[in-house]
Amino acid sequence: MKRDISTKFGLAALSLAAAALLAACGGGNSGQTQPSSTVSSVRVYGDSLADSGTFGFKATVQVAGNYIFPERIALQYGQTLCPYYAATGADSFMVSPAAGCTSYAVAGGRVNGAALANPTTNKKNILAQLADGSAKAFAANELVIVDGGGNDAADLVGAFLAAQQGSTGSLFALFGSTLAPAQLGAINPANPSTVVTAGGQYMAALADNLYASITANVLAKGGNRVLFANVPDITLTPRFQMVLASISASQGAATAQQLQTVFQGWVSAFNAEFAAKAANEPRVAVVDIYTNFQDEVANPSVYALSDVKDPSCPITGVGSDGLPVYNFPSCTAAAAKSGWQSYLFADGFHPTPYGHQLASQLISRTLAQKGWL
């Protein structure tokens, strides 16, 4: 039965926004000191931000030394990462024939496996990655790096915007896959505030699920050092900024700002819930990528960033949603914009190698504070 959501936002023309956000991201010298703590291995789980090349490339500019943040951390311990899985299709994978690979992260990774095609076998399911990784014993001094939740947030935003146009199936499918019956029963399609509340509950539930999986598959299996990089403010990425600009043009700046605040609240709900779960667990460290990312965008000169708004990779087409399309394999140093080395964004969602360097420097400070670096 179709549900209509009458909303105070009055969003009547959001085909661009809905389509854009339903297609979420799959996502040199670091200036860092040598470690004072020994780490025997680095194991990684997550999405495109942490994927070392499951699909044959990384989600950034293709250039020698384009280390993503987990690789930069691993290098400080003298470790080199390689992808545990090798993609055999968009949603099918095999174990890589390369020996000793410990990066289980896959571009397009999500905490909610129900949002994926073939959820029981799809290694984009971060909980499945954690389960696979638990088959190998953890050394006492092994470092585990986890990220995730960004694509789930983008899925939620896209489904929410689609629901404003009467297409509520995706939104209620997400809610139904995770929320408790009482929470589902509290949603009143005629009252948008209940939908906004449900969005926060949904993201918090995903954080609970991720933490529970880390507990069962890492901490309970001997893992003593877990680093979680929380979800950045995805509304500040070029793709989301284009969507918000479209909303502003059609519905006004106030509506766009109101929606941005809602979406940021959902991401914050995930981050706050995970942080609360980990607060009394000394084996887990949480890095606040969200706040630092906001500061990079607000104060680029402090971080030696020349551009925090535009992608540095060349546009290779236009999608059916009207938004630019990028192709990472063709985003080489020669093809990227002049000065790409100090850009924050590679494409509409992912950072440049320098963006990864900034993230790794923040993470290194947290590791040092924990005595793990």
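Under the working numbering, the first residue of the sequence shown carries the number 863, and numbering increases by one thereafter. Ideal placement from N, C-alpha and C gives every residue a C-beta, glycine not left out.
Same chain only: Cβ atoms within 6 angstroms of residue i, ignoring 5 sequence neighbours per side
i	result
residue 966	907, 946, 991, 995
residue 956	948, 950
residue 1177	1186
residue 884	Because the pLDDT of residue 884 is 45, which lies under 50, any placement of that residue in the model is unreliable, and the number read from its coordinates should be weighed accordingly. Taken in chain order, the residues that qualify are 1020.
residue 1170	1159, 1162, 1206
residue 1090	1008, 1148
residue 888	The pLDDT assigned to residue 888 is 41, lower than 50, so where the model puts this residue is not dependable; a value taken from the coordinates is nonetheless given after this. The residues are 910, 969, 970.
Beta-carbon proximity check, residue i vs residue j, cutoff 7 angstroms
i	j	result
residue 1036	residue 1021	yes
residue 1174	residue 1216	no
residue 1068	residue 1009	no
residue 1038	residue 1131	no
residue 1058	residue 1011	no
residue 1100	residue 1007	no
residue 923	residue 1208	yes
residue 1257	residue 978	In the structure displayed, the chain extends from 863 to 1235; residue 1257 sits before or after that span and is not available.
residue 944	residue 914	yes
residue 1122	residue 1097	yes
residue 980	residue 953	yes
residue 1222	residue 1235	no
Extent of the continuous alpha helix (DSSP H) run through residue i
i	result
residue 934	931–938
residue 816	Residue 816 is absent from the model: the chain starts at 863 and stops at 1235.
residue 1232	1215–1232
residue 992	988–995
residue 981	Note, residue 981: premise wrong, no alpha helix (DSSP H); not H, not E.
residue 1043	1043–1047
residue 1031	1031–1040
For residue i, the first and last residue of its enclosing beta strand (DSSP E)
i	result
residue 1125	Per DSSP, residue 1125 belongs to no beta strand (DSSP E); it is in the alpha helix (DSSP H), 1115–1140.
residue 1005	1005–1009
residue 1191	Careful: residue 1191 lies outside any beta strand (DSSP E) and carries neither H nor E.
residue 1148	1146–1149
residue 1051	Residue 1051 -> no beta strand (DSSP E), and no H or E assigned at all.
residue 1205	1205–1207
residue 1237	With the chain represented from 863 up to 1235, any question about residue 1237 goes unanswered, as that position is not in the structure.
residue 1089	1087–1091
residue 955	955–957
residue 906	904–907
residue 1183	That residue, residue 1183, is in no beta strand (DSSP E); it is neither H nor E in DSSP.
residue 1014	Run containing residue 1014: none in the beta strand (DSSP E); it sits in the alpha helix (DSSP H), 1012–1026.
residue 1170	1169–1173
Sequence-distant residues of the same chain with beta carbon closer than 7 angstroms to residue i, five excluded per side
i	result
residue 875	For residue 875, the pLDDT reaches just 37, beneath the cut-off of 50, and the residue's location in the model is therefore unreliable, although a value from the coordinates is still provided. Around residue 875: 1112.
residue 880	Here residue 880 scores only 47 on pLDDT, less than 50, and its place in the model should not be relied on; the value that follows carries that caveat. Excluding residues within five positions, the ones whose Cβ falls inside 7 angstroms are 1020, 1023, 1024, 1027.
residue 1095	1126, 1129, 1152, 1155, 1156
residue 1203	1216
residue 1194	924, 925
residue 1230	none
residue 1179	1187
residue 1079	992, 993, 995, 996
residue 1197	1176
residue 1167	1158, 1204, 1206
Beta-carbon separation (whole angstroms), residue i vs residue j, contact threshold 8 angstroms
i	j	result
residue 1228	residue 1164	Actually they are not in contact, since the Cβ atoms of residue 1228 and residue 1164 sit about 19 angstroms apart, beyond 8 angstroms.
residue 1018	residue 1075	With a Cβ gap of about 19 angstroms, residue 1018 and residue 1075 do not count as contacting.
residue 1104	residue 1185	6 angstroms
residue 1125	residue 1092	Not really, about 16 angstroms apart at Cβ, beyond 8 angstroms.
residue 921	residue 1190	6 angstroms
residue 1086	residue 993	Rounded, the Cβ-Cβ distance is 19 angstroms, inconsistent with contact.
residue 934	residue 1219	6 angstroms
residue 1041	residue 1060	7 angstroms
residue 1084	residue 1000	4 angstroms
Close-in-space but distant-in-sequence residues of the same chain around residue i (CB under 8 angstroms, 5 per side omitted)
i	result
residue 959	948
residue 1056	1048, 1049, 1050
residue 926	none
residue 1081	1088, 1143, 1145, 1146
residue 853	Any answer about residue 853 is impossible in this case: the structure gives the chain only from 863 up to 1235.
The ligand GDP heavy atom lying under 6 angstroms from the CB of residue i
i	result
residue 1188	As far as ligands go, the structure on display features none, and thus does not contain the ligand GDP.
| field | At least 3 beta-carbon pairs within less than 8 angstroms: the stretch 1154–1166 vs the stretch 1131–1145 | value | The answer is no - the stretch 1131–1145 does not touch the stretch 1154–1166, with fewer than three Cβ pairs under 8 angstroms.
| Pairing CB atoms from the stretch 1051–1061 with CB atoms from the stretch 957–975, are three or more of them under 8 angstroms? | Segments in contact, no.
| Between the stretch 1134–1141 and the stretch 1195–1213, do three or more beta carbon pairs fall short of 8 angstroms? | Taking 8 angstroms as the limit for Cβ pairs, the verdict is that the stretch 1195–1213 does not touch the stretch 1134–1141.
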